[in-house]
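Residue numbers for the sequence shown follow this note's numbering, so the first one is 5 and each next one is one higher.
For every residue, glycine included, the Cβ atom is placed at its ideal position computed from N, Cα and C.
Just so we're clear, the structure is a prediction, and the values are computed from it rather than from any experiment.
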Amino acid sequence: MNDKFDPLVCVRDIEESALADGWTIRHLSPTASSARPWLRRAAKTGPGAPRVYLSAGIHGNEISGPLALLEMLRRPDFLAAFDAVIFPILNPDGLARGVRGNTDGVDLNRDYRDPKTAEIASHVETLKTLGRFDAAMMLHEDFEGIGAYLYELNDELPPSLGGEIIAAMGRHVPIDPRPVIEDVPARGGVLQRRDLIAKLGRIEDRPDWPEAIYLSVHHTQVSYTTETPAPFPLEQRVQAQIAAMETLLHAVQIKVRRP
Ligand SMILES: [Zn+2]
5 MNDKFDPLVC VRDIEESALA DGWTIRHLSP TASSARPWLR RAAKTGPGAP
55 RVYLSAGIHG NEISGPLALL EMLRRPDFLA AFDAVIFPIL NPDGLARGVR
105 GNTDGVDLNR DYRDPKTAEI ASHVETLKTL GRFDAAMMLH EDFEGIGAYL
155 YELNDELPPS LGGEIIAAMG RHVPIDPRPV IEDVPARGGV LQRRDLIAKL
205 GRIEDRPDWP EAIYLSVHHT QVSYTTETPA PFPLEQRVQA QIAAMETLLH
255 AVQIKVRRP
């Protein structure tokens, strides 16, 4: 797998795969580097399916997420049993240059409380039309990561789920063993809500909301933010992201059985 990332190629491949498998493709506000497709599809299994949200590519130096979503879209059965919404490439300008922020150097994943960037204003406008989700996953990478870890905001599914997800990722990359990650206590690579609150205060009081907080406040009781370690081979990181999504989807499917 090539570490060079071209958002135009990625967007073309995503739209091609999506069209071939019955997804509706719409677009957020465009950027200089490429369009920003988002995808929606009702479950092939019929009404009452769990509703899930997946996103990636908000930090331009984190490429395993968009590539994992592309690979997932090429597997026709991956989301067949879900009403799914996917935002696969939120920051093409950053991805084109391999930098975290947008062209103005703004970290888009701090702009969800009161959006000032065109990119996130457009994302939030679209989100407002989408209602509730049974679960969400946002795919990230840690540039200096020594292993996989994740942020867990989960008020609904079994509390062991974070451990299951990190274990699935650990079949492809090491798990970050540190007791403190990004200044927050971690348990086997899992950063839990209670520890995030103890460290950072009430999550919704923060001035600089990331996507995960916006979703947690407005759209879902269950969100996970994965972080793969960028120093490891890209193919392994992509497989770790896919394993994380599979584990979440499996748990959601067991939990959500609507009449
Ligand atoms: Zn990130």
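Contact check, residue i vs residue j under 8 Å by CB: the rounded distance?
i	j	result
Pro70	Ile93	5 Å
Glu156	Arg101	Rounded, the Cβ-Cβ distance is 31 Å, inconsistent with contact.
Leu99	Gly50	Incorrect: roughly 36 Å between the Cβ atoms, too far for contact.
Asp180	Lys203	Rounded, the Cβ-Cβ distance is 17 Å, inconsistent with contact.
Thr130	Leu32	6 Å
Thr35	Asp97	5 Å
Arg45	Leu83	7 Å
Leu238	Ser68	6 Å
Trp169	Leu252	In the sequence under discussion, the amino acid at residue 169 is Ile, which differs from the Trp named in the question. Sure, about 6 Å apart at Cβ, within 8 Å.
For residue i, which three-state DSSP category applies?
i	result
Val177	coil
Asp87	strand
Gln196	strand
Ser68	helix
Quiz item: Is the segment 45-64 touching the segment 136-152, taking contact as three or more C-beta pairs under 8 Å?
Solution: Between the segment 45-64 and the segment 136-152, the count of C-beta pairs closer than 8 Å reaches three or more; the two stretches touch.
Quiz item: Which ranges does the beta strand (DSSP E) cover as unbroken runs of at least 3 residues, wholly within the segment 17-56, from first to last along the chain?
Solution: Here the runs fully enclosed are 28-32, 40-45.
Quiz item: Is the segment 163-173 touching the segment 115-123, taking contact as three or more C-beta pairs under 8 Å?
Solution: Under the three-pair Cβ rule at 8 Å, the segment 163-173 does not count as touching the segment 115-123.
Quiz item: Residues near ligand 1, CB to any non-hydrogen atom under 6 Å, in chain order?
Solution: So the residues near ligand 1 by this Cβ test are His63, Glu66, His144.
Quiz item: Counting only runs that start and end within the segment 82-162, where is the alpha helix (DSSP H) found for 4 or more residues in a row?
Solution: As for any alpha helix (DSSP H) of minimum length 4 sitting wholly inside the segment 82-162, the runs are 96-101, 122-131, ordered along the chain.
Quiz prompt | the segment 234-246 contacting the segment 166-178, beta-carbon criterion three pairs below 8 Å | solution = Yes, the segment 234-246 is in contact with the segment 166-178.
Exercise. Mind the definition here: the segment 10-23 touches the segment 38-46 only if three or more C-beta pairs lie below 8 Å; say whether that holds.
Key: Contact holds between the segment 10-23 and the segment 38-46, because three or more Cβ pairs, one in each stretch, are under 8 Å apart.
Self-check item: Uninterrupted beta strand (DSSP E) stretches inside the segment 181-236 (no shorter than 3 residues)
Solution: Residue ranges of uninterrupted beta strand (DSSP E) with 3 or more members, entirely inside the segment 181-236 and ordered along the chain, are 194-196, 226-233.
Exercise. Tell me, please, whether the segment 212-221 touches the segment 95-115 by the rule of three or more beta-carbon pairs shorter than 8 Å.
Key: With contact defined as three or more Cβ pairs closer than 8 Å, the segment 212-221 and the segment 95-115 are in contact.
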